[in-house]
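Peer 1: Quick note: to get my numbering, add 99 to the position in the sequence shown (first position is 1).
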Amino acid sequence: MQGLLRLPPNHRSILVADQDRGVRDLFVRSLEPEGFSVYEAEAGREVLVLARKRLFDVLIMEVSLPDLDGVHTLRLIRETIGPVPCILIGTELTKEVWMNALAVEAYAILEAPFRGEVVRHTVMDLVHRRFGPDLW
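So this is what it looks like as structure tokens:
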């Protein structure tokens with residue numbers, strides 16, 4: 100919640116972490132027109148470095164990042180930085196992945212193929228629920 104409170108309304112920030120450039124591009128194209136500053140990462144360790152440098156309002160992370168998986172990365176962020184709302188994404192998600200995502204209190208889990216309107220709706224719903232419509 101601190102991110103939206105400390106940043107001007109037109110500078111909300113999202114970190115999208117996925118090893119696939121095309122997936123990151125889809126999220127950037129879907130979210131930048133909504134007023135978000137979208138940052139990108141390819142791996143879990145990169146997410147940790149960026150999250151320590153900047154407070155993001157929302158994280159969107161691939162479950163199977165190449166070095167640290169998204170669930171483990173989210174746990175580390177919450178242990179070291181604090182609570183940050185997160186949407187986990189992936190392909191062919193197993194029951195175990197869903198259970199792990201619930202255990203780390205991911206806001207949502209999106210399974211590929213991703214559609215721009217679903218991405219936008221999920222993020223906007225998260226922002227409204229988490230921070231309230233007045234901060235949007």
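Think of the CB as a built atom: it goes at the ideal place given N, C-alpha and C, for glycine as much as any other residue.
1) Locate the alpha helix (DSSP H) running through F155, then write down its first and last residues.
2) Would you decide whether I113 is buried or exposed? Buried here means 16 or more other CB atoms lie within 10 Å of its CB.
3) Less than 8 angstroms separating the beta-carbons of G143 and T172?
4) Identify which residue in H220, V183, I188 and E204 has its Cα closest to the Cα of A150.
5) So what does I188 bridge to, in DSSP terms?
6) Whose C-alpha, out of R120, A140, K152 and D156, is nearest the C-alpha of F230?
7) Once DSSP output is grouped into helix, strand and coil, what is the label at V183?
Peer 2: Per the coordinate set shown:
1) Translated into the one-based positions of the sequence shown, residue 155 becomes position 56. Here F155 belongs to no alpha helix (DSSP H), and DSSP marks it neither H nor E.
2) In the sequence shown, the residue the question calls residue 113 occupies position 14. Buried, since its Cβ has 16 or more Cβ neighbours within 10 Å.
3) Indexing the sequence shown from 1 puts residue 143 at position 44. Indexing the sequence shown from 1 puts residue 172 at position 73. Yes.
4) Position 51 of the sequence shown, counting from 1, holds the residue named residue 150. Ranking the options by Cα distance to A150, first place goes to V183.
5) Translated into positions along the sequence shown, residue 188 becomes position 89. Per DSSP, E161 and L209.
6) The count along the sequence shown starts at 1 and reaches residue 230 at position 131. Ranked by Cα distance from F230, the options R120, A140, K152 and D156 are led by D156.
7) Within the sequence shown, numbered from 1, the residue matching residue 183 stands at position 84. Note: V183 maps to coil in three-state DSSP.
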